[in-house]
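**Student:**
Number of protein chains: 2
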Amino acid sequence: MVGLSTLVSRGDHRALAKAITVVEGGGEACRRLIHEIYPRTGRAFTVGVTGPTGTGKSTLVDKMIEEYRKRAQRVGVLAIDPSSAFTGGALLGDRIRMMDHSLEKGVFIRSMASRGDIGGLARAARNTVRVLDAAGMDIIIIETVGAGQAEVEVASAVDAVVVVLMPQLGDEVQAFKAGFGEIGDVFVVNKADLVNPSKTMYNIASGLKEKDGWRPPVLKTVALKGTGVPAVVDSLERFRKHLDDKDLREKRAQGRIEQELIEAAFSDFHRETVDRLKTRKEWTGIVNQVVKRQLDPETAASKLVKTISKLGD
Amino acid sequence: MVGLSTLVSRGDHRALAKAITVVEGGGEACRRLIHEIYPRTGRAFTVGVTGPTGTGKSTLVDKMIEEYRKRAQRVGVLAIDPSSAFTGGALLGDRIRMMDHSLEKGVFIRSMASRGDIGGLARAARNTVRVLDAAGMDIIIIETVGAGQAEVEVASAVDAVVVVLMPQLGDEVQAFKAGFGEIGDVFVVNKADLVNPSKTMYNIASGLKEKDGWRPPVLKTVALKGTGVPAVVDSLERFRKHLDDKDLREKRAQGRIEQELIEAAFSDFHRETVDRLKTRKEWTGIVNQVVKRQLDPETAASKLVKTISKLGD
Chain Z
0 MVGLSTLVSR GDHRALAKAI TVVEGGGEAC RRLIHEIYPR TGRAFTVGVT GPTGTGKSTL
60 VDKMIEEYRK RAQRVGVLAI DPSSAFTGGA LLGDRIRMMD HSLEKGVFIR SMASRGDIGG
120 LARAARNTVR VLDAAGMDII IIETVGAGQA EVEVASAVDA VVVVLMPQLG DEVQAFKAGF
180 GEIGDVFVVN KADLVNPSKT MYNIASGLKE KDGWRPPVLK TVALKGTGVP AVVDSLERFR
240 KHLDDKDLRE KRAQGRIEQE LIEAAFSDFH RETVDRLKTR KEWTGIVNQV VKRQLDPETA
300 ASKLVKTISK LGD
Chain C
0 MVGLSTLVSR GDHRALAKAI TVVEGGGEAC RRLIHEIYPR TGRAFTVGVT GPTGTGKSTL
60 VDKMIEEYRK RAQRVGVLAI DPSSAFTGGA LLGDRIRMMD HSLEKGVFIR SMASRGDIGG
120 LARAARNTVR VLDAAGMDII IIETVGAGQA EVEVASAVDA VVVVLMPQLG DEVQAFKAGF
180 GEIGDVFVVN KADLVNPSKT MYNIASGLKE KDGWRPPVLK TVALKGTGVP AVVDSLERFR
240 KHLDDKDLRE KRAQGRIEQE LIEAAFSDFH RETVDRLKTR KEWTGIVNQV VKRQLDPETA
300 ASKLVKTISK LGD
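Protein chains in written order, with numbering that gives the first Met the number 0: chain Z, 0 to 312; chain C, 0 to 312.
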């Protein structure tokens, strides 16, 4: 019998879907799969696409897939749904439209809900990228629907980040400078046919700094018509070359791996330890004291830190 | 010299503002303040107001403040801004409008950004509620702007949750049933003058279950005109009486305290331990092996869990 990881390597779409379900589930089954495929990863170029809702990220990703296909690249897409349960329905149309590409060979699209904890989502997303990487995808795009903490965290765990905005975001451009300005490697002002995008482009560009010899370009697109999309892909290819030329890819990857290992290890430690903590007599005593207001929660937490430190004994 | 916690107890507005800044900062200064004020807390009734953006939560909270003032209640409001840096600007108008109440005696309003981690925000919010409680507020309202994971978590750490919706949310009502249906104690269909709210109200009500002898009411309001707001406050008072009559308040509080202590203790443990982990020679070895793809990240994480368990030795 051929194992799942072998089928993944052959690019079998059903095996891919199944493998992603395994990594979403976490635990030992996930660890074994990642253990098998990890040596075959690292070849794909990963791109995060993020920005406020309503700027046309899905449409842009759609057209980027087409452009990459024209260049004979195999494309994997992971679309992260927002953490809000409310907006789920409204976005389904977009997702289904994107799925059209799934029928095509050389494109694989998967969406992932962010209902759970942010750490768990980021971990599942990273491992999904590994599955797509092992399956031979040349380009892997992570698209986030919203622009919350979860989405930013996920979109940053990639080689290149594309931040999508639109003309006349007004106050939001100010807010943007404080947040997304730092994580973008390529900036796109989409819907550039609605209003003259020059002022928005200028505002964005004036807030950007050169980093490691790369000055993030600010490009305009009309994604719905495909206008400007080849230039976005060109910029990403230039950025990839820049990373390779300056040996920055491994350096950046190392920082991400350190971050990932810390998060995963403490999360697993928490999961494995919390039940043991609750069996301790100190636990019951402390909770009762806090409920009766004989002990405050902050002092209680510092006492529990000591209990946790001793659980490994 | 009179200490900060004493000034807080006297309801001094400047002391309140300062105390909240202290709890937002966390650490030992926060622990000391909470230690001092905690015995004087537990009197206020805390209400979370949550729901999708655009349903008029801020306006409703505004009118609820007015209604509570008519009933001679002192009201503290904590408004949680969304985690997205993008929407910050657009909502500022609402916040400033709300601040009008701040000039009035008996009302204190504070906003808090959710830029950081969700756990940190929830902790700061809980401690802010304690400060407002110790300051003698009778009612403390936590209003969340969005409906993301962070907002839901914060809004749930209260005695009563009000979920605000509006007529014809369509698909969102379906999504809502999966998410917010479970956390609401009172449901409000606001903007009931725009479209007939009957169908939306029926859809919501049909998805709700009785819990501990309480069937959540579904009310309609036109917050902008104040219509229906006294009934919302009446429902909250009835719910409060229900909790007291059935001794549910302490039972519910105990569950929240257990959750809080687990989160705070593991978060502090993480913070105090992570630097020590990074000085271990195993750490450097494991990171290098993962970067070179000799070891996969999931197996690496499970090795690090063992290292973390031994750090307390």
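Virtual Cβ for every residue (Gly too), placed ideally from N, Cα, C.
#1: Pick helix, strand or coil for T49(C), following the three-state DSSP scheme.
#2: Spatial neighbours of A204(Z) within its chain, please: CB distance less than 7 Å, with the 5 preceding and 5 following residues excluded, ordered by chain position.
#3: Of the residues that make up the stretch 266 to 280 of chain Z, which ones have a beta carbon closer than 7 Å to any beta carbon in chain C?
#4: May I have the straight-line CA-CA distance separating K309(C) from P296(Z), to the nearest angstrom?
#5: When you compare the CB of Q253(Z) with every CB in chain C, is at least one pair closer than 9 Å?
#6: Measure the alpha-carbon distance for L90(Z) versus G41(C) and round it to whole angstroms.
#7: So, is the C-beta of A18(Z) closer than 9 Å to a C-beta in chain C?
#8: Give the residues of chain Z in contact with D295(C), contact being defined as C-beta atoms less than 7 Å apart.
#9: Kindly indicate if chain C contains any beta-carbon less than 9 Å away from that of R30(Z).
#10: Would you say N126(C) reaches chain Z, if we count a Cβ-Cβ gap shorter than 9 Å as a contact?
#11: In terms of alpha-carbon separation, which member of G24(Z), I79(Z), A159(Z) and P51(Z) lies closest to A252(Z)?
#12: When DSSP labels each residue in this structure, what does T86(Z) get in the three-state scheme?
#13: Exposed or buried, what is V194(C) when buried is set at 16 or more other beta-carbons lying within 10 Å of its beta-carbon?
#14: For R129(C), which residues from the same chain have a beta carbon less than 7 Å from its beta carbon, with the 5 sequence-adjacent residues on both sides left out?
#15: Which residue wins for smallest C-alpha separation from V162(Z), given the options K291(Z), T54(Z) and C29(Z)?
#16: Is it true that the CB of G10(C) sits closer than 9 Å to the CB of A121(C)?
#17: Which residues does DSSP list as the beta-bridge partners of R109(C)?
#18: Just to confirm the assignment, what range does the alpha helix (DSSP H) spanning A300(Z) have?
#19: Let me make sure I understand the geometry here. Which of D132(C), V76(C) and A124(C) has the alpha-carbon closest to that of R109(C)?
#20: How many angstroms separate the CA atom of A16(C) from the CA atom of T278(C)?
#21: Using only alpha-carbon positions, find the residue among A299(C), T226(C) and A263(C) that is nearest to A191(C).
#22: Looking at the structure shown, is A16(Z) part of a helix, part of a strand, or coil, going by DSSP?
#23: According to the Cβ coordinates, are P51(C) and L207(C) closer than 9 Å?
#24: Nearest chain C C-beta to L310(Z) closer than 9 Å, yes or no?
#25: Strictly below 7 Å CB to CB, what residues from chain Z border R237(C)?
#26: Let's see if you can read the secondary structure: which residues bound the beta strand (DSSP E) around A159(Z)?
#27: Given that I141(Z) touches chain C, what residues does it touch there, using C-beta distances under 9 Å?
#28: In whole angstroms, what separates the C-alpha of T283(Z) from that of R270(Z)?
#29: Enumerate, from N- to C-terminal direction, the unbroken alpha helix (DSSP H) stretches of 4 or more residues contained entirely within the stretch 231 to 280 of chain Z.
#30: Output the distance between the C-alpha atoms of H241(Z) and W213(Z), rounded to the nearest integer angstrom.
#31: Which partner residues does V217(C) have in the DSSP bridge list?
#32: Which of helix, strand or coil does DSSP assign to E65(C)?
#33: Locate the alpha helix (DSSP H) running through E142(C), then write down its first and last residues.
#34: Excluding the five sequence neighbours on either side, which residues of its own chain have a C-beta within less than 6 Å of the C-beta of P196(C), listed in chain order?
#35: On a Cα-Cα basis, can you pick out the residue from D211(C), S8(C) and S4(C) that is closest to E181(C)?
#36: Within 10 angstroms of the Cβ of A264(Z), are there 16 or more other Cβ atoms? Answer buried if so, exposed if not.
**Tutor:** Taking the geometry as given:
#1: strand
#2: V217
#3: D267, F268, H269, E271 and V273
#4: 26 Å
#5: yes
#6: Caution applies to L90(Z), whose pLDDT of 46 falls short of 50 and renders its modelled position unreliable; the value that the coordinates give is listed next. Those two C-alpha atoms are separated by around 42 Å.
#7: no
#8: I33, H34 and Y37
#9: yes
#10: yes
#11: A159(Z)
#12: For T86(Z), the predicted structure reports a pLDDT of 41, less than 50, and the residue's modelled location is therefore unreliable. A value from the coordinates is still provided. Three-state result, T86(Z): coil.
#13: exposed
#14: I33, I36, Y37 and T40
#15: T54(Z)
#16: no
#17: L77(C)
#18: P296 to K309
#19: V76(C)
#20: 39 Å
#21: T226(C)
#22: helix
#23: no
#24: yes
#25: Correct list: empty, because the minimum Cβ distance to chain Z is about 25 Å.
#26: A159 to L164
#27: Correct list: empty, because the minimum Cβ distance to chain C is about 17 Å.
#28: 19 Å
#29: 247 to 278
#30: 8 Å
#31: F186(C)
#32: helix
#33: Taken as a continuous stretch (DSSP letters only), E142(C) belongs to no alpha helix (DSSP H), being part of the beta strand (DSSP E) at I138 to T143.
#34: P166, V188 and K219
#35: D211(C)
#36: buried
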